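The structure appears right after this line, and notes come after that.
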Amino acid sequence: MKTTLGIEFEPFFPQISHRAKIGCAKYDLSTGEGVAMEQWYLNMGEVPGTPLSQIVGIYSNVKPEDRECLKTSLSRLVHGETDHDQGEVRVKDGEGWKWVRLDIMEAGLEKSSPILLLMNYDISELKAMEERMLKAEKSERLKSSFLANISHEIRMPLNAIVGFSSLLGDEEDGELRQEYINLIQTNNELLLGIVNDVLDLAKLESGTMTFDFMEFDLRQLIVETVASFQIKVPRGVALTYPASLDSFLLRSDRIRLKQVLGNFITNAIKYTSIGSIILSYQAMENEVLLSVTDTGEGMSEEIKLHVFDRFYKGRNQKQGIGLGLSICQNIIERLGGRIGVSSEQGKGSCFWCTLPIFPPKDTY
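In this text, residue positions in the sequence shown follow the numbering used here: the first is 146, and each later residue adds one.
Here it is in structure tokens:
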């Protein structure tokens with residue numbers, strides 16, 4: 146019965162192998178000869194029909210650091226240290242890499258003429274799914290932490306506003322009244338910033354954030370942005386832009402870009418106690434590079450890795466709920482650009498973004 150079933154299914158083996166992305170090969174260590182299914186070649190990034198002696202032990206399409214592990218596994222089998230081994234490697238796939246699981250085992254024949262059974266599986270989709278699950282789990286943990294802290298973050302400015310408003314009504318000293326007014330205004334702005342970030346996050350999550358593309362003078366936007374933040378800059382810090390900046394017409398969302406630049410400047414103000422904050426741009430062939438460079442604290446390599454992560458609060462946990470830069474990243478990407486940061490601890494930071502001079506039609 147088994148023989149009959151085997152005969153019945155045999156014509157379908159190539160189709161099953163292709164659909165499941167599972168390949169199999171048999172290789173004679175003594176002669177260097179063998180046979181392999183077409184899918185085995187494809188999984189290894191090789192041309193079907195290539196002599197196995199040109200592949201086994203060479204693995205030219207396997208990522209170098211994985212290749213050495215694969216060669217070690219083969220060596221252990223050859224020297225009788227084990228009768229099977231397995232592992233996961235990255236194989237060249239066009240401009241990138243795909244993940245392939247390998248199982249190598251002796252075919253159970255005479256030791257004097259060992260035959261290896263080589264099986265491989267393209268597990269790229271499983272790896273991608275695993276990565277998505279890990280990201281989702283991380284996002285859920287961050288959201289839980291965010292929800293646990295958001296009430297505290299909102300209560301802080303609310304309590305300050307209520308408290309100083311109450312004191313203001315009974316205070317007759319002019320200087321103290323002005324100090325209370327300033328504190329109320331500061332906490333009003335902090336509370337408004339928190340609410341705006343949460344609303345922007347909700348729009349991004351639901352896909353309802355809208356973008357209005359128009360032509361505008363980038364230099365004029367920079368002048369306005371710098372002027373609007375001058376009152377917030379601490380004494381000893383100069384917020385400027387290069388006087389040599391020329392007018393430049395850009396087609397993008399003016400309001401969203403100003404939001405991003407404002408966030409960059411706000412972060413620079415938080416961490417710069419003396420020196421300068423410079424907002425600038427440089428036009429290139431197909432895109433424009435905008436940057437906010439400060440002489441502040443700078444940041445560690447660890448913080449740089451996570452500074453655009455949602456809900457991340459690094460650098461001494463200063464004011465904010467860890468959404469601003471993540472929202473900026475999402476906005477810039479929706480505008481067709483890129484975002485990043487360069488920084489050295491103790492020497493300052495440079496937050497930058499690029500925007501296409503001619504945005505693709507599908508971005509607006």
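Yeah, the Cβ is synthetic: ideal placement off N, Cα and C, and Gly gets one too. Predicted model, so just to flag it, every value in this text is computed and none were measured.
Taking 8 Å as the cut-off, the Cβ atoms of I502 and N431 count as close. In the three-state scheme derived from DSSP, where H, G and I count as helix and E and B as strand, R401 is classed as helix. Around the beta carbon of E334, fewer than 16 other beta carbons lie within 10 angstroms, which makes this residue exposed. Distance from the CA atom of L480 to the CA atom of L395, rounded to whole angstroms, is 12 Å.
By the beta-carbon neighbour count (other beta carbons within 10 angstroms, threshold 16), A293 is exposed. By the Cβ rule, the region 374 to 390 does not count as touching the region 336 to 355, because fewer than three pairs are nearer than 8 Å. In this structure, G441 and G493 form a Cβ contact; the two beta carbons are roughly 5 Å apart against a cut-off of 8 Å. With distances taken between CA atoms, C498 lies nearest to V486 out of M264, N332, V486 and G420.
With 16 or more neighbouring CB atoms inside 10 Å of its own CB, M189 falls in the buried class.
Here V405 is not near C495, since their CB atoms are 8 Å or more apart.
The beta carbon of T385 is closer than 6 Å to those of I423 in its chain, skipping five residues each way along the sequence.
The residue among M182, S220 and D345 with its C-alpha nearest the C-alpha of R455 is D345.
In the displayed model, R322 falls within a helix according to three-state DSSP. Inclusion of E251 and L215 in the CB contact set at 8 Å is not warranted, their separation being larger than that value.
Put simply, of L366, K208 and I448 the residue whose alpha carbon is nearest the alpha carbon of E240 is K208. For P501, no alpha helix (DSSP H) run applies; the uninterrupted beta strand (DSSP E) run containing it begins and ends at G493 to P501, by DSSP. Per the coordinates, the alpha-carbon of K449 lies some 38 Å from the alpha-carbon of I203.
In the three-state reduction of the DSSP assignment, Q375 falls in the helix class. In terms of Cβ geometry, F356 and R399 do not form a close pair [threshold 8 Å]. Between L402 and L434 a beta carbon distance of about 13 Å is seen, past the 8 Å cut, so the two are scored as non-contacting. Taking D391 as reference, the option from Y426, G381 and F409 with the minimal CA-CA separation is Y426.
Boundaries cannot be given for S445, as no beta strand (DSSP E) includes it and DSSP labels it neither H nor E. Non-local beta-carbon contacts of E478 in its own chain, meaning distances under 8 Å to residues more than five positions away in sequence, involve I484 in chain order.
The alpha carbon of V452 has as its nearest neighbour, out of I419, S421, F409 and D228, the alpha carbon of F409.
With respect to I414, V437 sits apart: the two C-beta atoms are not nearer than 8 Å. Rounded to whole angstroms, the gap between the alpha carbons of S310 and S296 is 21 Å. With fewer than 16 other beta carbons inside 10 angstroms of its own, M429 counts as exposed.
Counting the other CB atoms within 10 Å of its CB gives I249 a total of 16 or more, which places it among the buried residues. Judged by DSSP in its simplified three-state form, F358 adopts coil rather than helix or strand. Cβ-Cβ distances below 6 Å link M182 to S162, G168 and C169 in the same chain, with the five nearest sequence neighbours on each side left out; the list follows chain order.
Looking at the DSSP output, I422 shares a beta bridge with L384 and D439.
With fewer than 16 other Cβ atoms inside 10 Å of its own Cβ, M274 counts as exposed. Secondary structure at Y266: strand, using DSSP grouped into helix, strand and coil. Uninterrupted beta strand (DSSP E) stretches at least 3 residues long and entirely within the region 274 to 315 do not occur.
For D211, the enclosing alpha helix (DSSP H) covers residues P209 to V223.
If the five residues before and after E316 are omitted, its C-beta is found closer than 8 Å to the C-beta atoms of R322 and Y325, all from its own chain and listed in chain order.
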